[in-house]
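Chains as they are written, first to last, in this note's numbering: chain C, 184 to 769; chain G, 184 to 769.
#1: Name, in chain order, the residues that DSSP records as bridge partners for residue 701 of chain G.
#2: Measure from the C-beta of residue 174 of chain G to each C-beta in chain C and report whether the shortest distance is under 7 Å.
#3: Alpha carbon to alpha carbon, how far is residue 439 of chain G from residue 496 of chain G?
#4: Applying the criterion that 16 or more other CB atoms from any shown protein chain within 10 Å of the CB defines a buried residue, is residue 709 of chain G buried or exposed?
#5: What residues in its chain sit with their C-beta under 6 Å from that of residue 548 of chain G, if we drop five residues either side in the sequence?
#6: Going residue by residue through the segment 573 to 634 of chain C, where are the continuous alpha helix (DSSP H) segments of at least 4 residues, counting only ones entirely within it?
#7: Express the C-alpha separation of residue 550 of chain G and residue 260 of chain C in angstroms, rounding to a whole number.
#8: Looking only at DSSP bridge pairs, what is residue 410 of chain G linked to?
#9: Here's a check: name, in chain order, each residue in its chain whose Cβ is nearer than 7 Å to the Cβ of residue 333 of chain C, leaving out the five neighbours to either side.
#10: DSSP beta-bridge partners for residue 243 of chain C?
#11: Residue 706 of chain C bridges to which residues according to DSSP?
#12: Quick check on DSSP: helix, strand or coil for residue 259 of chain G?
#13: Considering only residues of the same chain and omitting the five flanking positions on each side of residue 388 of chain G, which have a CB-CB separation below 8 Å?
#14: Taking C-beta pairs closer than 8 Å, name the residues in chain G that residue 349 of chain C reaches, listed in chain order.
#15: Counting only Cβ-Cβ distances shorter than 8 Å, please list the residues of the segment 355 to 374 of chain C near chain G, keeping chain order.
#16: If you follow the beta strand (DSSP E) that residue 427 of chain G is in, where does it begin and where does it stop?
#17: Among the candidates G/748, G/726, G/760 and G/725, whose CA atom is the shortest distance from the CA of residue 734 of chain G?
#18: Helix, strand or coil for residue 351 of chain C? Go by DSSP, reduced to three states.
#19: Taking 7 Å as the threshold (C-beta atoms), are residue 489 of chain C and residue 359 of chain C in contact?
#20: Does DSSP put residue 672 of chain G in a helix, a strand or coil?
#21: Can you pull the DSSP bridge partners for residue 531 of chain G?
#22: Does residue 640 of chain C come out as helix, strand or coil in the three-state DSSP assignment?
#23: Determine the burial state of residue 598 of chain G: buried for a count of at least 16 other Cβ atoms within 10 Å of its Cβ, exposed for fewer.
#24: List, in chain order, every chain G residue whose beta-carbon is nearer than 8 Å to that of residue 526 of chain C.
#25: Please classify residue 674 of chain G as buried or exposed, where buried requires at least 16 other C-beta atoms within 10 Å of its C-beta.
#26: To the nearest angstrom, how far is it from the Cα of residue 311 of chain G to the Cα of residue 390 of chain G?
#27: Strictly below 7 Å CB to CB, what residues from chain C border residue 582 of chain G?
#28: Just by C-beta distance, which residues in the segment 521 to 551 of chain G are closer than 7 Å to chain C?
#29: Scan the segment 341 to 407 of chain G and note each continuous beta strand (DSSP E) run of 3 residues or more that stays entirely inside, going in chain order.
#30: If we count Cβ pairs, one from each stretch, closer than 8 Å, do we get three or more for the segment 651 to 671 of chain C versus the segment 695 to 712 of chain C?
#31: Starting from the Cα of residue 428 of chain G, find the closest Cα among G/740, G/232 and G/712 and give me that residue.
#32: Taking the C-alpha atoms as reference points, what is the distance between residue 561 of chain G and residue 754 of chain C?
#33: Counting only Cβ pairs nearer than 7 Å, list the residues of chain G close to residue 336 of chain C.
#34: In whole angstroms, give me the CA-to-CA distance for residue 769 of chain G and residue 676 of chain G.
#35: Assuming residue 539 of chain G is part of the alpha helix (DSSP H), what are its boundary residues?
#36: Given this structure, state the Cα-to-Cα distance separating residue 280 of chain C from residue 545 of chain G, to the nearest angstrom.
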């Protein structure tokens with residue numbers, strides 16, 4: 184195999200064009216083999232095979248700086264920069280992350296997992312080069328999906344303003360994670376594709392770019408020719424390159440959304456080996472409730488920013504029709520549009536991954552909360568037990584979201600509670616309401632939740648006890664129950680158990696009442712400790728005689744961790760929690 | 184005066200065109216009179232006189248929905264919608280806020296003070312209208328400066344995608360707060376202005392808009408004609424209207440940056456009555472240090488997003504040359520560009536108002552902190568005693584910023600400390616460092632600060648005492664000193680006084696040592712209590728025998744408040760703090 188002889192881009196440069204084709208073919212084959220066994224970002228990488236080979240053949244990394252947007256399309260880049268073993272040897276599949284990572288290679292400049300940042304990064308890298316009086320190429324490789332993020336536009340403006348060498352490569356496969364929206368920048372890109380770059384009103388030329396279009400973006404020779412032409416330009420250049428998402432694997436080319444990313448699949452049939460959870464999940468019951476409401480009320484509308492499958496599958500989106508909006512990978516638009524919808528009498532529900540919600544603090548604060556508009560925000564993946572790449576962590580949401588005024592953030596602990604909260608959130612008109620969608624298997628009580636959630640900050644005491652009060656927030660309510668059971672079974676202590684339900688405010692009446700016959704208050708939350716829910720409890724009780732023990736994980740970008748191990752490292756085990764309580768009580 | 188007879192837009196519609204001109208002239212005169220006595224956003228409103236009269240003449244607010252971006256240009260709109268008294272009667276000048284405000288009028292849809300949100304709001308308002316099957320015009324009025332924000336671009340895309348009636352009015356006066364950057368969208372706008380809308384590669388047409396250009400944007404008749412032409416369109420329309428910033432007041436037309444906004448001025452000469460603080464301030468010593476470093480080191484670079492005067496005046500910017508970058512009102516770009524600069528060996532300092540930093544949580548977290556790049560962030564106006572419009576509050580920064588991993592957030596208490604921290608931040612290579620630039624008069628010790636800030640989280644004990652320990656963070660260190668003095672003078676108690684310096688971590692050694700001879704720990708911070716610094720102390724000490732009393736203000740969008748009153752309402756007075764300590768000690 185020629186591919187395995189490539190230990191650095193220098194090795195690639197020594198090859199003949201014929202051999203480069205061979206490397207590309209072998210790389211695609213290796214990619215399919217690994218992806219079919221291991222899973223990963225399928226479509227984006229299959230489409231980038233030839234482009235990546237051409238880039239490393241023509242440019243000179245790491246002197247020339249490559250910046251991959253999102254960086255989920257950097258697998259071939261990893262193969263060609265000393266990490267091929269992680270793609271051809273199953274024992275080493277997990278040696279590399281799914282994103283660029285400076286800890287792995289000097290060819291990876293940044294750890295990146297969110298979209299639309301590459302141009303801003305490139306603008307800084309290029310400006311530093313200019314300040315130092317150095318000369319080399321700075322390249323940003325960005326997909327058409329990522330171009331929908333406002334930060335990408337800000338980066339386009341700044342690169343054009345700086346005016347020195349920067350190559351922006353738009354990898355246009357006419358698909359985001361899901362199908363692209365139809366207007367705006369997608370109109371611009373489509374017109375350019377259809378006219379082979381000749382359309383009037385060229386968006387990129389309008390911004391001042393030296394624009395080049397390549398229709399055959401999976402043709403290695405054309406790519407090499409184009410890159411050689413623009414290499415070492417003394418001004419910003421934009422290459423609009425049309426590629427095929429999933430190129431070279433029929434099922435991926437045919438079903439581009441399903442094959443954007445996913446787990447192991449059958450290489451013959453293109454069927455995913457696991458069809459996912461076939462039973463009801465928090466996600467499925469959420470979707471069902473919203474679909475049901477939509478049918479009865481045409482003002483109910485679901486909003487999403489580029490990850491629609493989070494809420495609805497393709498069939499559900501079809502059914503929802505104009506009551507579903509995917510704004511592109513443009514979270515700021517989603518949050519503020521939600522505000523506008525609520526203001527004008529609609530009932531908007533915005534579904535977002537916690538990690539991507541981070542892009543909208545000001546939209547949640549200055550737009551939704553300051554204007555106190557009753558949008559509903561469904562926060563997914565806000566848990567230690569969700570995505571665990573350091574660039575995709577979802578457990579910073581409580582410090583981020585819960586200290587914004589006016590906003591109500593709810594932490595359901597089971598299906599019935601979640602649905603009751605969601606129903607209330609959609610129908611009420613008083614507050615922006617966010618719901619921390621539970622993570623993990625569906626817990627059902629079988630009893631409808633009749634709570635009136637308009638009575639804010641009212642906690643539920645599920646077991647009355649003494650000496651110790653356990654506050655189990657959302658996902659960690661079950662943990663509080665287990666700790667209580669252990670205390671009862673092994674130590675004869677009946678703890679008070681509390682389901683706080685509200686993250687954004689304290690039940691001060693309950694907290695005040697605990698002083699009478701409790702000594703210790705324990706808070707458990709599925710997220711970081713600092714700035715979290717427990718600390719508001721500790722502060723409130725700081726001047727009381729109650730001791731407070733807060734549990735959460737340490738403030739750190741934990742990477743590809745095992746959730747149970749991480750929790751244990753942070754003292755979040757039944758044994759440790761019980762022991763610390765006993766220490767205090769003794 | 185005709186103007187004072189206008190109690191609603193209906194009154195305007197009854198007038199002849201000649202009388203409309205009279206209203207416009209009177210409105211400009213009233214505006215100048217009020218601004219010269221009261222201050223406010225001068226340039227933006229002077230330029231909007233004719234457009235606002237024409238808008239209310241042709242359209243039918245509040246059925247047609249007007250959404251003003253930033254809304255600092257809405258003064259004439261307020262005059263014409265029942266609030267004229269606040270502009271012609273000095274006794275009522277403060278009846279209205281400087282921004283649109285739904286509490287004042289049904290003609291104001293949103294409370295807005297940050298840029299680039301109008302299009303997203305409009306996209307939601309229009310979509311809700313469509314869902315309800317209603318028919319009217321939705322208008323967003325956005326300046327060219329605001330167009331540089333990525334969120335504006337996201338809104339343009341979504342409006343184009345929705346495809347129904349929305350009028351986007353780009354009020355192009357070729358100036359942001361300061362001079363616009365030169366490339367990207369500004370190239371596009373300039374080419375369109377210079378060609379009277381005829382330039383090839385029309386940015387807005389590329390995005391699918393029905394585009395109209397008006398060069399005489401301060402000509403009332405032309406404006407009326409244009410608005411009548413596009414009213415009730417069944418698709419998105421973009422009106423590119425060229426106006427004169429400061430129109431009708433020569434000093435404002437001539438010096439557009441100085442007359443963007445400001446305090447009272449002399450109507451004859453155009454001189455501001457107060458020339459500002461002539462002595463040294465935290466801002467001036469900050470600028471001096473950075474300018475000095477720039478001279479010695481060409482890799483030191485200052486970055487700003489649309490508010491350059493925060494850091495440098497026009498002369499200083501000139502001197503800084505290519506070591507100063509204004510990215511436009513594009514805070515995301517500023518934060519991530521800072522990351523790219525640091526990665527490639529430059530020493531970037533990004534100066535930002537706390538309230539606008541809110542637009543960059545993910546850029547600070549996912550870009551700068553995850554990649555642990557040593558950018559310096561200067562956070563201005565992070566205090567209860569800074570801007571006090573509810574849309575411009577700067578005191579949410581600690582919960583927002585201090586729980587991001589890897590980042591070091593420093594709270595200097597005097598000039599020497601601030602400069603030592605800034606010097607360290609710029610020169611070190613280990614962490615992103617943010618500095619909470621002190622607010623208020625310069626405090627000087629006269630002694631150089633020799634602290635080694637690379638020893639993270641080391642607090643400074645400025646007075647050793649017993650019973651009570653006072654942690655005075657940043658701006659509130661002086662308050663801690665005053666409380667200590669009162670305790671000593673009146674109650675014979677020598678308190679321990681601590682200058683924490685570090686917001687992002689605790690000096691656990693110091694905290695542990697307090698148990699020995701202290702009973703109460705008091706934290707004082709100039710910001711909101713929830714999610715703040717004090718709560719991390721309360722949590723850490725939750726299981727100890729120490730009582731903790733945290734001081735900060737309540738989580739709320741406080742509006743146009745008196746800072747001393749607000750602090751008193753939140754118990755932040757020397758008397759109250761002393762009394763609560765004594766209660767606990769007795």
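Ideal Cβ placement from N, Cα and C applies to all residues, glycine included.
Once the coordinates are examined:
#1: In the second chain, residue 701 of chain G corresponds to position 518, counting from 1. Partner(s): G/650.
#2: Within the shown structure, residues of chain G are numbered from 184 to 769, placing residue 174 of chain G beyond reach of any answer.
#3: As a first step, residue 439 of chain G must be located in the second chain, where it is residue number 256. As a first step, residue 496 of chain G must be located in the second chain, where it is residue number 313. So the alpha carbons of these two residues sit roughly 14 Å apart.
#4: Stepping through the second chain from its first residue, residue 709 of chain G is reached at position 526. It counts as buried.
#5: As a position in the second chain, residue 548 of chain G is number 365, starting the count at 1. For residue 548 of chain G, where only same-chain residues beyond five positions count, the Cβ hits under 6 Å are 587.
#6: Taking only runs of at least 4 residues, the alpha helix (DSSP H) segments lying wholly in the segment 573 to 634 of chain C are 580 to 584 and 598 to 610.
#7: Looking up residue 260 of chain C in the first chain gives position 77. Looking up residue 550 of chain G in the second chain gives position 367. Whole-angstrom Cα-Cα distance: 21 Å.
#8: Reading the second chain from its first residue, position 227 is the one you call residue 410 of chain G. In the DSSP output, where bridge partners are listed per residue, residue 410 of chain G has none listed.
#9: Locating residue 333 of chain C in the first chain gives position 150, counting from the first residue. Once the five neighbours on either side are set aside, the close Cβ partners of residue 333 of chain C are 513 and 515.
#10: Residue 243 of chain C sits at position 60 when you count from the first residue of the first chain. Looking at the DSSP assignment, residue 243 of chain C forms no beta bridge with any residue, so it has no partner.
#11: Reading the first chain from its first residue, position 523 is the one you call residue 706 of chain C. Residue 706 of chain C is bridged to C/654 and C/733.
#12: Stepping through the second chain from its first residue, residue 259 of chain G is reached at position 76. Note: residue 259 of chain G maps to helix in three-state DSSP.
#13: As a working mapping, residue 388 of chain G is identified with position 205 in the second chain. If we look at residue 388 of chain G and ignore the five residues flanking it on each side, its Cβ neighbours are 394.
#14: For the purposes of this step, residue 349 of chain C is taken as residue 166 along the first chain, with counting starting at 1. Result: empty, since nearest Cβ-Cβ is about 11 Å, beyond 8 Å.
#15: 364, 365, 366, 367, 368, 369, 370, 371 and 374
#16: Within the second chain, residue 427 of chain G is the residue found at index 244, counting from 1. Segment: none, residue 427 of chain G is in no beta strand (DSSP E) and carries neither H nor E.
#17: Counting from one through the second chain, the residue named residue 734 of chain G turns up at place 551. Cα-wise, what sits closest to residue 734 of chain G is G/760.
#18: Numbered from its first residue, the first chain carries residue 351 of chain C at position 168. In the structure shown, residue 351 of chain C sits in a strand (DSSP, three-state: E or B).
#19: Within the first chain, numbered from 1, the residue matching residue 359 of chain C stands at position 176. Within the first chain, numbered from 1, the residue matching residue 489 of chain C stands at position 306. Taking the C-beta atoms as reference points, residue 489 of chain C is found nearer than 7 Å to residue 359 of chain C.
#20: Against the second chain, residue 672 of chain G aligns to sequence position 489. Helix, per DSSP.
#21: To locate residue 531 of chain G, count along the second chain from 1; it is residue 348. For residue 531 of chain G, which the question treats as bridged, DSSP gives the partners G/484.
#22: Working through the first chain from its first residue, we reach residue 640 of chain C at position 457. DSSP, read as helix, strand or coil, puts residue 640 of chain C in coil.
#23: On the second chain, position 415 is the one that residue 598 of chain G refers to. By the neighbour-count criterion, in which a residue is buried when 16 or more other Cβ atoms sit within 10 angstroms of its Cβ, residue 598 of chain G is buried.
#24: By one-based count along the first chain, residue 526 of chain C stands at place 343. Ordered by position in chain G, the residues that pass the 8 Å Cβ test against residue 526 of chain C are 292, 293, 304, 307, 308 and 311.
#25: Translated into positions along the second chain, residue 674 of chain G becomes position 491. Classification for residue 674 of chain G: exposed.
#26: On the second chain, residue 311 of chain G is found 128 positions in, with the first residue counted as 1. On the second chain, residue 390 of chain G is found 207 positions in, with the first residue counted as 1. The straight-line gap from Cα to Cα measures roughly 22 Å.
#27: For the purposes of this step, residue 582 of chain G is taken as the residue at position 399 of the second chain. By Cβ distance, chain C contributes 582, 586 and 714.
#28: 521, 522, 523, 524, 526, 527, 528, 529, 541, 542, 544, 545, 548, 549 and 550
#29: 349 to 355 and 393 to 397
#30: yes
#31: Position 245 of the second chain, counting from 1, holds the residue named residue 428 of chain G. Comparing Cα-Cα distances from residue 428 of chain G to each of G/740, G/232 and G/712, the minimum goes to G/232.
#32: Within the second chain, the letter at position 378 stands for residue 561 of chain G. Within the first chain, the letter at position 571 stands for residue 754 of chain C. Taking the straight line joining both Cα atoms gives about 36 Å.
#33: Within the first chain, numbered from 1, the residue matching residue 336 of chain C stands at position 153. Per Cβ cutoff of 7 Å: 333 and 336.
#34: For the purposes of this step, residue 769 of chain G is taken as the residue at position 586 of the second chain. For the purposes of this step, residue 676 of chain G is taken as the residue at position 493 of the second chain. For residue 769 of chain G and residue 676 of chain G, the distance between alpha carbons rounds to 12 Å.
#35: The sequence position of residue 539 of chain G within the second chain is 356, counting from 1. Counting along the chain, the alpha helix (DSSP H) containing residue 539 of chain G begins and ends at 537 to 540.
#36: For the purposes of this step, residue 280 of chain C is identified with residue 97 of the first chain, where counting begins at 1. For the purposes of this step, residue 545 of chain G is identified with residue 362 of the second chain, where counting begins at 1. Approximately 21 Å, taken between the alpha carbons.
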